[in-house]
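J.: Just so we're aligned, residue 326 is where the sequence shown starts under the working numbering, counting upward by one.
Even glycine gets a Cβ: it sits at the ideal position worked out from N, Cα and C.
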Amino acid sequence: MNTLTEQWIQITPTSEVPLREGREVKLGSINIALFNLGDRWMALENRCPHGHGPLADGIVGGYGTATTVTCPMHSRRICLDSGAVVKPLGQGGPCVRTFPVKVEDGIVMLDIQDSKAREVAA
Ligand code: FES
326 MNTLTEQWIQ ITPTSEVPLR EGREVKLGSI NIALFNLGDR WMALENRCPH
376 GHGPLADGIV GGYGTATTVT CPMHSRRICL DSGAVVKPLG QGGPCVRTFP
426 VKVEDGIVML DIQDSKAREV AA
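1. Using the three-state DSSP reduction, which class does Thr392 fall into: helix, strand or coil?
2. Kindly indicate which residue of Phe424, Gly408, Leu362, Gly383 has the alpha-carbon position closest to the one of Pro374.
3. What is the DSSP secondary structure of Gln335, reduced to helix, strand or coil?
4. Are three or more beta carbon pairs between the region 351-367 and the region 427-437 nearer than 8 Å?
5. Are the beta-carbon atoms of Gly383 and Ala358 separated by less than 9 Å?
6. Bridge partners of Val421, per DSSP?
7. Please list the terminal residues of the continuous beta strand (DSSP E) segment that includes Glu429.
8. From the DSSP secondary-structure annotation, give me the bridge partner or partners of Gly347.
9. When you compare each of Val410, Leu405, Val411 to Phe424 by their alpha carbons, which one comes out closest?
10. Indicate the three-state DSSP secondary structure (helix, strand or coil) for Leu435 in the structure shown.
11. Helix, strand or coil: which one does DSSP assign to Leu380?
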């Protein structure tokens, strides 16, 4: 079927996540928000840096050149590529961890060992 390396974890068939929606994925102690953007898949920690809102339940959209998810709690927008808060601007502080995603043979796979946590410049 597909090649599973030591770090890639099979998550779900692509058909299980509708276009431009998110789904919560729990892998041990890590809670991840997985998003289907049609031409690509994105994953980040399912926890808004403001008040821990569930980002998997947010609305996918755009803000400037960034593809974002809007937190369902207080509407902060999080960049799906970087995990940074892009609205409101100037929030600074830690952003959301992002995770590499790939699709092989119709199966979405995550690499949780290669996650990134970046600091957002104030
Ligand atoms: S918890 Fe996400 S904006 Fe407040």
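T.: On the basis of the supplied data:
1. strand
2. Gly408
3. strand
4. yes
5. yes
6. Val421 pairs with nothing; no bridge assigned.
7. 426-429
8. Phe360
9. Leu405
10. strand
11. helix
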